[in-house]
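So the structure is just underneath, and the comments pick up after that.
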Amino acid sequence: MADSLDCAASSKPGTIDRRKFLATAAQGASLLALPGFAGCLGPRPEKRVLPSDVPRPALFQSALPLPPRLRAKPSPDGIARLALSAEEGLSSILASDSSRVSNPTRVRGYNGIFPGPIIEVDSGQRLLVLLANRLNEPIVNHLHGGRTPAVSDGFPMDFILPLAGGANPPRLEEIQSAAKSGGWQVFDYPNQQRATMLWYHDHRMDYTGRQVWHGLAGLYIVRDDEERSLALPSGDREIALAIADRSFDAQCQFKYPSMPDGMLEEAYMGGVLGDVILVNGAPWPSHPVATGLYRLRILNASNSRDYILELDRTMPVGYQFAQIGTDGGLLQKAIHRRQIHLAPAERVDLLVDFAGCPLGTPIRLLNTADSGPLGHIMQFVPGQTVAENAKLPDRLSNLEIPMPAPGMVERTFDFKYSRLKKIWTVNGLGYDPERMDAKPRLNSTEIWHLRTDFTHPVHLHLVHFGVLQHNGTPRAADMGWKDTINMVAGETSTIIVPFTGFTGRYVFHCHNLEHEDMRMMANFEVVA
Ligand code: C2O
Ligand code: CU
Ligand code: CU
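What follows is the structure, encoded as structure tokens:
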């Protein structure tokens, strides 16, 4: 493990990986002209399970971890400040199953834990986050779903180098605005946005998949008065769940298919699937609940795995999931669903009512996209009755998703594998940090047509968008505000995107992290 993670082995920040650029250079229309050549270019890579080298832990033996919460409270100057440190820590991920002896797993995460602390902030509360890099390789930090000024958004080349021995980041009370120096960066998050659950994660050019896999991901919750007025389940009845699959080597360490230089092995460029499902960092956990209404805020923090969430029994209250929100916050009204498809980086806000469930009988959250252990996620065990139950609100929010209007700029983006270049492309091109692929005007609304050849969860930084149609079906109301939209092979979506907030350079990309690292990413610059 040390070989692929050690500093000397990682490519230098600021240089763009040679393998990917060689792959681009190796293209040439003349090759295609050779008879039969196109046929031997090989198939499009599929997602691939990386088998663990240790026996998998038993299901439902560990407790659900609840990550520590960092509540962003303003100082007298009105600004809230938090410090985070990207560092190594040890976690007893596999040892939590008492029936086995195992080593702790080395996590390379925010504050040394996976997932990182949950940051909680009020809408409109400006927050400065001071992040020190105490790992031995560069990192990049991005707040996914955040409406963030470009300088704090975590552009893939915006490296935070390792903090040099003896050096110190500034004192938290002293930071005033976005800033950066060797070993640390201050991120300026205005949080001028609706209440919802975001997440922060690594975004380093070419290495995001590996760095998130080893632990650099955490949840971030924005709250507002509209949401508070609904009196949704709170306290221990509001549970944030980050679902992520991982694989482990014989020493119980995270196993990821990297080459000695840390780059992804080509065989896995379709996507790395783990064979152990973690929820908040514990394998197939179990959680006690009362027989009342719960709010489950779920993130798919996996690199590449899709889930179809279902409960294993019919709920006595007459519905399974009441979906109240999505990536960009609350829906207009709750939608009852039997199953929820969740692609990487998507979030879903659900109410589940355990009223009437027999005490002691577990209710399992399944993943019907797979079978066996991978067909399970976690279980809830009703252990106490509640006298008075919370109610599901009839109306939740006003979405105000714009409608298409004459004069709106339209763009089309094709997300496809290039057999010739052996990379994942957007409109036939691999990612180039220097190239601007779109220049929307600040405060304009655009219509983007998205097309895919494979499963690609497409994500835009800075904005939230409405979905005008998905494969011919109008979807705006029931999908709400999104920042990531999943499409499977051959599907098309039309999204409507208001570019408000900030000018500057941002990325959009496929959130299958192996596709992203293998260049399925592009830039847009919001211009005044
Ligand atoms: Cu979840 Cu470009 O990010
Ligand atoms: Cu993002
Ligand atoms: Cu993709």
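Numbering-wise, the working numbering comes out as the position in the sequence shown, counting from 1, plus 696. Quick reminder that beta carbons are idealized off the backbone N, C-alpha and C, glycines included.
Less than 8 angstroms separating the beta-carbons of residue i and residue j?
i: L1209; j: T904; result: yes
i: D898; j: L912; result: yes
i: N829; j: L859; result: yes
i: N976; j: P764; result: no
i: P929; j: Y990; result: yes
i: F1109; j: L1146; result: yes
i: V1222; j: T1199; result: yes
i: F851; j: R1137; result: no
i: L1005; j: Q1035; result: yes
i: K746; j: P953; result: The residue you asked about is not Lys; residue 746 is Leu in the sequence shown. In contact: L746 and P953 (Cβ atoms closer than 8 angstroms).
i: G1021; j: T892; result: yes
i: A1030; j: Q1019; result: yes
i: A782; j: L831; result: yes
i: A963; j: R744; result: yes
i: S819; j: R919; result: yes
i: H1157; j: F1111; result: no
i: Y896; j: G879; result: no
Determine the DSSP secondary structure at residue i, reduced to helix, strand or coil.
i: Y916; result: strand
i: Q1075; result: strand
i: A782; result: strand
i: G805; result: strand
i: V975; result: strand
i: S758; result: coil
i: P1129; result: coil
i: V825; result: strand
i: Q723; result: Note that Q723 scores 38 on pLDDT, short of 50, meaning its location in the model is unreliable and no value can be drawn from it.
i: R752; result: coil
i: V836; result: coil
i: E742; result: coil
i: S873; result: coil
i: T904; result: helix
i: L868; result: helix
i: L831; result: coil
i: A846; result: helix
i: L894; result: strand
i: L1062; result: strand
i: L766; result: strand
i: L1070; result: helix
i: L1047; result: strand
i: L1038; result: strand
i: L718; result: Low confidence applies here, because L718 scores a pLDDT of 35, under 50, leaving its location unreliable and the question unanswered by this model.
i: P731; result: Annotation note: pLDDT 43 at P731 (below 50); position unreliable, coordinate value reported separately. Coil.
In chain order, what residues of the same chain have a beta carbon less than 6 angstroms from the beta carbon of residue i, not counting five sequence neighbours either side?
i: P1194; result: T1141
i: R1001; result: D941 and L969
i: F810; result: V803, G911 and G977
i: S1196; result: The sequence given here places Thr at residue 1196; Ser does not occur at that position. Hits under 6 angstroms: N1139.
i: K1135; result: E1221 and V1223
i: K951; result: S943, F944 and D945
i: L1046; result: L992, F1017 and Q1019
i: H1211; result: W1120
i: L766; result: L778, P813 and I815
In its own chain, which residues sit with a C-beta less than 7 angstroms from the C-beta of residue i, not counting the 5 before and 5 after it?
i: A768; result: A776, L778, I815, E816, V817, Q821 and L823
i: L868; result: R777, A779 and L826
i: V1163; result: R1171, A1172, M1175, K1178, I1181, S1189 and I1191
i: M1104; result: T1141, E1142 and I1143
i: R1033; result: Q1016, F1017 and Q1019
Which same chain residues end up closer than 8 angstroms to residue i when comparing Cβ atoms and leaving out the 5 residues on each side of it in sequence?
i: G774; result: R822
i: T720; result: With a pLDDT of 36 at T720, under the threshold of 50, the predicted position of this residue should be treated as unreliable, though the coordinate-derived value follows. Excluding residues within five positions, the ones whose Cβ falls inside 8 angstroms are K1117, I1119 and G1126.
i: V1082; result: A986, T987, G988 and A1051
i: R664; result: This structure does not reach residue 664, given that the chain is present from 697 up to 1224, and the question cannot be answered.
i: V1184; result: T1148, F1150 and T1151
Tell me whether the stretch 957–964 and the stretch 987–995 touch, counting them as touching only if at least three CB pairs, one residue from each stretch, are closer than 8 angstroms. no
Do the stretch 934–950 and the stretch 822–839 make contact, defined as three or more Cβ pairs closer than 8 angstroms? no
Three-pair Cβ contact test at 8 angstroms for the stretch 751–769 versus the stretch 779–792: yes
Just list the beta strand (DSSP E) runs in the stretch 980–1032, keeping only unbroken ones of 3 residues or longer that don't cross its boundaries, in chain order. 982–986, 989–996, 1003–1007 and 1017–1022
Which runs of the alpha helix (DSSP H), 4 residues or longer, sit entirely within the stretch 1150–1216? 1172–1175 and 1209–1213
Tell me whether the stretch 1038–1047 and the stretch 1150–1157 touch, counting them as touching only if at least three CB pairs, one residue from each stretch, are closer than 8 angstroms. yes
Give me the pocket residues for ligand 4, defined as CB within less than 5 angstroms of any heavy atom, sorted by chain position. Looking at this structure, you won't find ligand 4 anywhere; what it does contain is ligand 1, ligand 2 and ligand 3.
Pick out the complete beta strand (DSSP E) segments inside the stretch 1080–1153, 3 residues or longer, and give them in chain order. 1106–1114, 1119–1122 and 1140–1148
Determine contact between the stretch 1123–1137 and the stretch 1167–1185, defined as no fewer than three beta-carbon pairs at a distance below 8 angstroms. no
For the stretch 909–971, list the beta strand (DSSP E) runs that are entirely contained and at least 3 residues long, ordered along the chain. 913–919 and 934–942
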